[in-house]
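Read through the structure below, which is laid out as structure tokens, and then see the notes.
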Amino acid sequence: MSTPSRTNPLRRPLWLGTVASILLMVSSWSSGAQRTRGGIVRMLNLDWIMYGHVKNIGFILSWVALGLLLYCWCLWGRIVYHDNIPIRESVKTLVGWIVPLLFASPMYSRDVYSYLVQGAMVRDGFDPYKDGAAVNPGPMLLEVSPDWRNTTTPYGPLHLWIGDGITSLVGSNITIGVFLYKFISVAGYAAIAWAVISIARHIGGNPAVALWLGVANPVVFLHLVGGMHNESVMVAFSCLGLVLALRRHPLWGALFIGIGFSLKATALVTLPFLIWIAMRQRGIAPSTWSLHDPRRTLASLKKAIPAFVFYGITTVLIVCTVLTAITYASGSSWGWVSQLSGNTKVINLLALPSFLAQFTAAFAASFFPGATFNSVLSIYRSISMIIMVVLLVVVWWRFRQTPRRAIEGAAWAYLITCIFNAVTLPWYYAAGVVLVGTFRPSPRVTHFTVIASLIVAGSFTGSGNNWLYRWSWMWIVITVAFVLYFAVFRGDESKSHRLGTTHNLTS
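At position 394 of the sequence shown the residue is numbered 996 (the numbering used here), and the sequence of numbers has no breaks.
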């Protein structure tokens, strides 16, 4: 292990990463998810940067900046891999990366404009669970992608309550509305960072690794900060709920998870693992349950069953109470329940059903002449949902032994919901990815997380376009991801420097 130095060992990824973020910020005003009408660029008479050769330069600049950022992220990982890095130095690095993006245009998605429109719909008396944005024409509607103008919202009442509050405050001023959403997303991201560090400390992980591998992960960083997705707030409440549970306040943890659930349904994935944490803290060891020792198992179950029933019923009641209170306080309706299945318009290779349909639909049509891509996809989605439910139960049971195992199980459960869900977008992975570094992951898990993150981060343009189907581009991205990974991490397999090794990071 290297000797401590007065200089910050993360100086290089800090400054190079900050430069990369500045370049991303500059390019966002040319090739990001720019507004179609109005906005700061046009107000300053700089709209020429969004057209022609200048836009192409901005587009190239965004890829150069992304490549530099990915390199810096890998370099950051190599340093925390070897050195006893104080956690404050990792936090400084993350802050340096974030600050330039505070001044960026929306990137990697146009969803923030949909959030504003949905909030304006509630403000103006429309129900986003029954109608699409097109029922409420105005300047905000023009910024929404045509694909989503007639689509109802899949989000919970808290999402609409936030949107109602913002649009009531800013009126039709899209610029201020976007920056308010950015403030909310960055606040959520900061809460995630604090919670992840706390979780890692509670379960014996390495906070510096947890911050790097999960929170600073390019998929999480770019889409929650740059893309301003409401996932940032949902994941924050879920992680804070886990922190409270680890601090022996599982019922308060359930309350926070309930708040996250009122924004997006996937927050509920963490709730069953709260039960294992609470039971273990009461001295009940689910790991002793075994058919090989029925007498000991029976004695343990006599104590465990009442606790299991208590925490199971109580946490569910708390979540339902929170959800009901927010629904009525926000003036929303229960129409969101019918939208829990989500929208099935999105088809991309990040979801397993779409991936399988892409490569087998033509083959199926050769045997069944009436088979179409959509019919094959529908079958895959139905089967995939069944598999997902079964796997979630299996993971919940398998990771019952300790709080650390429960956190690990929650990460795997989120990964399962992303892979087997009917629709998956890159920021959906954030909820699971932020937990991966907290429980001392094995080298194999770390390798997979890093390489997959590099590939996904390179699969979307700054404007939010999906390049997963550009096969020549994807082969380049995959090759660069592997080359970058092995160039930075090559030779780092020694047991004394496993990424999961716990160091004293509180100095």
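All C-beta atoms in this analysis are idealised placements derived from N, C-alpha and C, irrespective of residue type, glycine included.
Computed from a predicted model, the values in this text were never measured in an experiment.
Restricting to runs no shorter than 4 residues, where is the alpha helix (DSSP H) found entirely within the segment 1054-1088? Runs of alpha helix (DSSP H) with 4 or more residues, each lying fully within the segment 1054-1088, are absent.
Taking C-beta to C-beta, are Q720 and L677 nearer than 8 Å? no
Where Y599 falls, given that 16 or more other Cβ within 10 Å makes a residue buried: Look at the range of the chain in this structure, 603 to 1109, and you will see that residue 599 is not part of it.
Beta-carbon proximity list for G1039, same chain, < 6 Å, skipping 5 on both sides: Only V811, A812, L815 and G816 meet the Cβ criterion.
Rounding to the nearest angstrom, what Cα-Cα distance links N1106 and P611 in this structure? Any reading at N1106 must be qualified, since the residue scores a pLDDT of 36, below 50, and its modelled position is unreliable; no value is offered.
Below 8 Å, how does it come out for the segment 861-868 and the segment 828-847: are there three or more Cβ pairs, yes or no? Per the Cβ contact rule, the segment 861-868 is in contact with the segment 828-847 (3 or more Cβ pairs under 8 Å).
Alpha-carbon spacing of S747 relative to T946, whole angstroms: Approximately 16 Å, taken between the alpha carbons.
Label C922 either buried or exposed according to how many other C-beta atoms from any shown protein chain fall within 10 Å of its C-beta, with 16 as the threshold for buried. exposed
When the Cα atoms are used, what is the spatial distance from G1113 to M645? Any property of residue 1113 remains undetermined from this structure, which presents the chain solely from 603 to 1109.
Secondary structure of N658, DSSP reduced to three states: Residue state, collapsed to three classes: helix.
Go ahead and pull the three-state DSSP assignment for L616. Three-state DSSP puts L616 in a helix.
In angstroms with no decimal places, state the Cα-to-Cα distance between Y635 and S1065. Reading off the sequence, residue 635 comes out as Ala, not Tyr. If you take the alpha carbons of A635 and S1065, they lie about 4 Å apart.
Could you spell out where the alpha helix (DSSP H) holding K694 opens and where it closes? I689 to L703
With 16 as the cutoff for other CB atoms within 10 Å, does Y731 come out buried or exposed? buried
Using DSSP with H/G/I as helix, E/B as strand and the rest coil, what is M990? helix
Please give the ranges of any alpha helix (DSSP H) in the segment 706-781, keeping only runs that are unbroken, at least 4 residues long and fully inside the region. 713-725 and 759-772
Determine the DSSP secondary structure at Q960, reduced to helix, strand or coil. helix
Member of L696, F1084 and P756 whose CA lies at the smallest distance from the CA of W938: Of L696, F1084 and P756, the residue nearest in Cα terms is P756.
How would you call N658, buried or exposed, if buried means at least 16 neighbouring beta carbons within 10 angstroms? exposed
Closest Cα partner of G640 within the set M742, V666, V628 and L671: For G640, the nearest C-alpha among the options comes from M742.
According to DSSP, simplified to helix, strand and coil, what is R1007? If DSSP states are grouped into helix, strand and coil, R1007 belongs with the helices.
Start-to-end residues for the alpha helix (DSSP H) that takes in M645: I642 to M645 is the span of the alpha helix (DSSP H), which, as asked, contains M645.
For A1089, tell me which candidate among I642, R680, G654 and S632 has the shortest Cα-Cα distance. Ranking I642, R680, G654 and S632 by CA distance to the CA of A1089 puts R680 first.
Secondary structure, alpha helix (DSSP H): runs of 4+ residues fully inside the segment 782-861: For the segment 782-861, whole alpha helix (DSSP H) runs of length 4 or above, ordered along the chain, are 809-812, 820-823 and 833-848.
When the Cα of I981 is compared with those of L993, F957, P702 and V995, which residue comes out closest? F957
Please report the straight-line C-alpha distance between A622 and H1049, rounded to a whole angstrom. 24 Å
In whole angstroms, what is the alpha-carbon distance linking I1009 and A1083? 28 Å
Restricting to Cα atoms, I'd like to know which of L672, W998, S633 and I651 is closest to V821. Among L672, W998, S633 and I651, the Cα nearest to that of V821 belongs to L672.
Could you pull the start and end residues of the alpha helix (DSSP H) that Q883 belongs to? L873 to Q883
Determine the direct distance from the alpha carbon of L704 to that of L952, and round the result to whole angstroms. 28 Å
List the endpoints of the continuous alpha helix (DSSP H) containing V1025. Where V1025 is concerned, there is no enclosing alpha helix (DSSP H), given that its DSSP letter is neither H nor E.
Nearest candidate by alpha-carbon position, reference A1043, set G758, A1024, P702 and R1006: The sequence given here has Pro at residue 1043, not Ala. Looking at the Cα atoms, R1006 is the closest of the given residues.
Of the listed residues V1047, T620 and L718, nearest to L696 (C-alpha basis): T620
Between the alpha carbons of S800 and T1051, how many angstroms are there, rounded? Taking the straight line from one Cα to the other gives about 21 Å.
According to DSSP, simplified to helix, strand and coil, what is A953? coil
Thinking C-beta only, is S770 closer than 8 Å to M709? no
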